[in-house]
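Student: Got a structure here, written out as structure tokens. Questions coming.
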């Protein structure tokens with residue numbers, strides 16, 4: 105199957121697209137595929153009847169792969185270099201795609217294999233990489249059920265003990281699963297599933313045995329990721345997408361909930377295979393919403409010495425056995441001489457940053473984590489510059505959800521993302537000020553069901569996943585007045601045929617978009633911002649005030665001053681790492697300079713505007729003023 109995919113790609117597209125040398129320079133745009141753009145109305149679900157209008161928020165709205173392809177030039181203009189697509193494989197009909205039923209084909213509501221390959225090819229033509237979302241924890245099947253229920257707690261604890269001791273993954277407390285006719289054939293083996301039964305919400309969100317071995321919910325069957333046959337089959341199925349579609353990376357959904365040996369096997373063999381196609385730095389990032397020690401056991405070196413795994417931290421025996429088997433393979437990989445995932449979400453830093461930006465905590469928490477043993481433990485496993493930094497994702501409310509008209513907060517968030525260490529992830533619509541809020545005036549006259557109005561008062565996931573295309577049924581609010589005026593909740597209209605430059609949902613004439621574009625291009629041009637070290641030089645103890653830090657690379661130092669308050673604040677004198685006497689210059693304003701002397705930068709009364717970020721660099725490190733972007737890029 106893999107050789108045929110390679111031959112098919114060679115005939116259709118030629119050679120595979122190479123990996124970037126350093127993923128830390130990338131700027132990621134996160135796309136909820138169903139909600140982004142409808143490029144092929146012919147593959148949409150039938151419109152709901154009037155009696156079903158109360159279900160509109162949770163239905164499929166029509167976004168697809170063709171719709172993403174139509175907007176690649178918009179994303180290029182924004183400064184995006186990598187796309188992360190939510191799952192596009194066949195699933196149970198849910199709009200989000202996280203209930204996969206067949207990982208070997210594209211869900212027809214999103215398009216076809218050929219459309220995925222064309223999307224990736226067109227993205228590569230613009231030097232934009234594509235990362236696919238892979239559901240590694242479970243398989244869904246509505247026709248399958250337990251005919252004998254498990255002893256949930258005992259089953260989970262038995263399997264967890266087996267993982268730590270290296271014993272076989274089985275338990276007399278496991279349930280018996282009756283697999284329906286539609287069950288994915290390659291996985292139609294009971295031993296491929298843990299069969300411990302359904303979790304409670306606290307089981308899944310916690311760090312007990314149940315979170316790794318229980319089903320998220322009824323119909324979502326938890327993989328037995330200790331099974332070696334399963335590991336090999338699952339990994340080979342996903343290698344195929346690299347060969348066929350030329351994708352550049354995988355984002356592993358729910359990586360917290362699977363065994364460490366599985367992540368080592370998958371990551372090592374996927375990278376090794378991608379290397380044979382010319383992708384010698386294939387990127388694997390995992391969602392691990394857990395404590396740092398859980399993350400460390402899944403990341404990079406996985407708390408082991410890569411050349412001598414006998415030297416290790418607190419890790420399961422099953423992982424050690426796997427690493428010994430994998431060692432010859434991963435040590436032969438020049439760009440990734442480790443068994444685990446390349447990167448994770450930096451959830452602690454991201455959460456602390458979000459709280460600071462909205463005024464719920466001080467910047468001291470951000471600096472404290474950066475200096476903590478937890479941070480150092482994670483940094484010892486893998487390059488922290490490769491971790492994803494997020495302020496919004498599809499599971500979190502929009503950062504301006506509590507201040508839905510605050511355009512300045514939208515600008516602040518985007519500016520901050522571009523200047524902090526790690527890879528920034530812009531959640532779709534962030535650059536258009538999306539706030540995840542319903543507007544009373546947006547309800548269609550006939551579709552304004554009270555049940556939808558009540559729904560809008562809650563915190564359901566659909567509020568975090570508003571539509572971004574005209575003709576769609578779930579267009580919510582924005583901090584940008586021109587985008588807010590497009591809000592609509594009701595029956596679906598005809599899809600827009602406008603090109604991206606005329607599309608009102610892709611408005612590029614407001615300050616939020618211009619800020620995002622300006623800061624993305626600044627980050628891309630300045631090596632201190634995308635690959636430099638970080639030195640924190642100032643924070644307030646209150647929840648409102650200035651946070652300042654330096655970004656430093658190859659002797660070049662840039663100063664970043666963040667103000668999360670609503671009023672201008674004077675910039676304090678800052679300790680810097682550069683010696684000598686010279687001037688720092690505001691990249692947006694030639695008249696604003698700071699005097700550097702004796703490892704101190706003095707700003708002599710200069711202020712940073714409220715809800716703003718000011719960036720300073722040496723004048724000799726900056727190029728000419730860019731009239732389009734309204735700043736000086738780095739040379």
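In this note's numbering, the protein residues as written are 105 to 739. Every residue gets a Cβ at the ideal spot worked out from N, C-alpha and C, and that includes glycine.
The alpha helix (DSSP H) that contains residue 173, what's its start and end?
Tutor: Taking the first residue of the chain shown as 1, we reach residue 173 at position 69. 169-173 is the extent of the alpha helix (DSSP H) around residue 173.
Student: Nearest-angstrom Cα distance between residue 652 and residue 135?
Tutor: Taking the chain shown and counting its residues from 1, one reaches residue 652 at position 548. Taking the chain shown and counting its residues from 1, one reaches residue 135 at position 31. C-alpha separation (whole angstroms): 31 Å.
Student: How far does the alpha helix (DSSP H) with residue 63 in it extend, from its first residue to its last?
Tutor: Residue coverage of the chain in this structure runs from 105 to 739, which leaves residue 63 outside it and unanswerable.
Student: Taking the alpha carbon of residue 332 as the reference point, which residue from 583, 137, 350 and 291 has its own alpha carbon closest?
Tutor: Mapped onto the chain shown, residue 332 falls at position 228. The shortest C-alpha separation from residue 332 is found at 291.
Student: Considering residue 695, what are the terminal residues of the beta strand (DSSP E) in which it resides?
Tutor: Within the chain shown, residue 695 is the residue found at index 591, counting from 1. Note, residue 695: beta strand (DSSP E), 693-701.
Student: Pair every Cβ in the region 383-399 with every Cβ in the region 431-445, then say whether three or more of these pairs are closer than 8 Å.
Tutor: A contact exists between the region 383-399 and the region 431-445.
Student: Taking residue 328 as the reference, which of 718, 300, 574 and 347 has the closest Cα?
Tutor: For the purposes of this step, residue 328 is identified with residue 224 of the chain shown, where counting begins at 1. The candidate whose alpha carbon is nearest that of residue 328 is 300.
Student: Assuming the contact rule is C-beta atoms closer than 8 Å, residue 390 and residue 346 should be a hit. Round their C-beta distance to whole Å, please.
Tutor: Taking the first residue of the chain shown as position 1, residue 390 is located at position 286. Taking the first residue of the chain shown as position 1, residue 346 is located at position 242. 17 Å between Cβ atoms; not a contact.
Student: Measuring alpha carbon to alpha carbon, tell me which of 458, 473, 118 and 570 ends up nearest residue 229.
Tutor: As a working note, residue 229 is residue 125 in the chain shown. Closest by alpha carbon: 118.
Student: Thinking C-alpha only, which one of 730, 302, 559 and 569 is nearest residue 626?
Tutor: On the chain shown, position 522 is the one that residue 626 refers to. Considering only alpha carbons, the answer is 730.
Student: Where does residue 707 fall in DSSP's three states?
Tutor: Working through the chain shown from its first residue, we reach residue 707 at position 603. In the structure shown, residue 707 sits in coil (DSSP, three-state: anything other than H, G, I, E or B).
Student: Any idea what DSSP makes of residue 657, helix, strand or coil?
Tutor: For the purposes of this step, residue 657 is identified with residue 553 of the chain shown, where counting begins at 1. Of the three classes helix, strand and coil, the one that applies to residue 657 here is strand, per DSSP.
Student: For the beta strand (DSSP E) that residue 737 lies in, which residues bound it at each end?
Tutor: Numbered from its first residue, the chain shown carries residue 737 at position 633. Residues 735-738.
Student: Classify residue 366 as helix, strand or coil using the three-state DSSP reduction.
Tutor: The sequence position of residue 366 within the chain shown is 262, counting from 1. In this structure, residue 366 counts as helix in the three-state DSSP scheme.
Student: When we look at the beta-carbon of residue 646 and count the other beta-carbons within 10 Å, is it buried (16 or more) or exposed?
Tutor: Here residue 646 is taken as the residue at index 542 of the chain shown, counted from 1. Per the 10 Å Cβ criterion, exposed.
Student: What are the complete alpha helix (DSSP H) segments, minimum 4 residues, inside the region 134-222?
Tutor: Runs of the alpha helix (DSSP H) inside the region 134-222: 137-140, 169-173 and 176-182.
Student: Excluding five sequence neighbours on each side, which residues of the same chain lie with their C-beta closer than 8 Å to the C-beta of residue 506?
Tutor: Indexing the chain shown from 1 puts residue 506 at position 402. Answer for residue 506: 462, listed in chain order.
Student: Going along the chain, which unbroken runs of the alpha helix (DSSP H) with 4 or more residues stay wholly within the region 427-500?
Tutor: List check, alpha helix (DSSP H) in window: 451-461, 468-474 and 477-485.
Student: Name the residue from 564, 397, 207 and 548 whose alpha carbon lies nearest to the alpha carbon of residue 484.
Tutor: Position 380 of the chain shown holds residue 484. Cα-wise, what sits closest to residue 484 is 397.
Student: Under the rule that 16 or more other beta-carbon atoms within 10 Å means buried, what is residue 170, buried or exposed?
Tutor: What you label residue 170 is simply residue 66 of the chain shown in a count that begins at 1. It counts as buried.
Student: Using only CA atoms, which one of 263, 632 and 702 lies nearest to residue 680?
Tutor: Counting from 1 along the chain shown, the entry for residue 680 is found at position 576. Closest option to residue 680, Cα to Cα, is 702.
Student: How big is the Cα-Cα spacing for residue 423 and residue 642?
Tutor: Along the chain shown, one-based indexing puts residue 423 at 319. Along the chain shown, one-based indexing puts residue 642 at 538. So the two alpha carbons sit approximately 41 Å from each other.
Student: What is the rounded straight-line gap between the Cα of residue 600 and the Cα of residue 563?
Tutor: Position 496 of the chain shown, counted from the first residue, corresponds to residue 600. Position 459 of the chain shown, counted from the first residue, corresponds to residue 563. Rounded to whole angstroms, residue 600 to residue 563 spans 29 Å at the Cα level.
Student: Would residue 302 be called buried (16 or more neighbouring beta carbons within 10 Å of its own) or exposed?
Tutor: Against the chain shown, residue 302 aligns to sequence position 198. Label assigned to residue 302: buried.
Student: What are the complete beta strand (DSSP E) segments, minimum 3 residues, inside the region 321-355?
Tutor: Complete beta strand (DSSP E) runs here, min 3: 324-326.
Student: Can residue 527 and residue 490 be called in contact, C-beta distance under 8 Å?
Tutor: Taking the first residue of the chain shown as position 1, residue 527 is located at position 423. Taking the first residue of the chain shown as position 1, residue 490 is located at position 386. Yes, these two residues count as a Cβ contact at 8 Å.
Student: Around the C-beta of residue 409, are 16 or more other C-beta atoms found within 10 angstroms, so that it is buried, or is it exposed?
Tutor: Along the chain shown, one-based indexing puts residue 409 at 305. When all chains shown are included, residue 409 counts as exposed.
Student: Given a cut-off of 8 Å on the beta-carbon distance, is the pair residue 201 and residue 191 in contact?
Tutor: As a working mapping, residue 201 is identified with position 97 in the chain shown. As a working mapping, residue 191 is identified with position 87 in the chain shown. Going by C-beta atoms, residue 201 is nearer than 8 Å to residue 191.
Student: Alpha carbons only, please: which of 435, 268, 706 and 193 is nearest the one belonging to residue 240?
Tutor: To locate residue 240, count along the chain shown from 1; it is residue 136. Here the closest residue by C-alpha is 193.
Student: Which residues does DSSP pair with residue 578 in a beta bridge?
Tutor: Translated into positions along the chain shown, residue 578 becomes position 474. Bridge partners of residue 578: 593.
Student: Tell me whether residue 480 is buried or exposed, calling it buried when 16 or more other Cβ atoms sit within 10 Å of its Cβ.
Tutor: Here residue 480 is taken as the residue at index 376 of the chain shown, counted from 1. The residue is exposed, with fewer than 16 neighbouring Cβ atoms inside 10 Å.
Student: Please look up how many angstroms separate the CB atoms of residue 717 and residue 671, rounded, as I've assumed it's under 8 Å.
Tutor: Residue numbering aside, residue 717 sits at position 613 when the chain shown is read from its first letter. Residue numbering aside, residue 671 sits at position 567 when the chain shown is read from its first letter. So it is not a contact: roughly 15 Å between Cβ atoms.
Student: Where does residue 251 land, buried or exposed, given buried means 16+ other C-beta within 10 angstroms?
Tutor: For the purposes of this step, residue 251 is taken as the residue at position 147 of the chain shown. Burial call: exposed.
Student: Compare the Cα-Cα distances from residue 618 to each of 511, 478, 443 and 337 and report the closest residue.
Tutor: To locate residue 618, count along the chain shown from 1; it is residue 514. Among 511, 478, 443 and 337, the Cα nearest to that of residue 618 is on 511.
Student: Runs of 4 residues minimum, wholly inside the region 608-648: which ones carry the alpha helix (DSSP H) assignment?
Tutor: Here the runs fully enclosed are 615-629 and 631-635.
Student: Roughly how far, in whole angstroms, is the beta-carbon of residue 402 from the beta-carbon of residue 435, given that I think they are within contact range, below 8 Å?
Tutor: Working through the chain shown from its first residue, we reach residue 402 at position 298. Working through the chain shown from its first residue, we reach residue 435 at position 331. About 19 Å separates the two Cβ atoms, so there is no contact after all.
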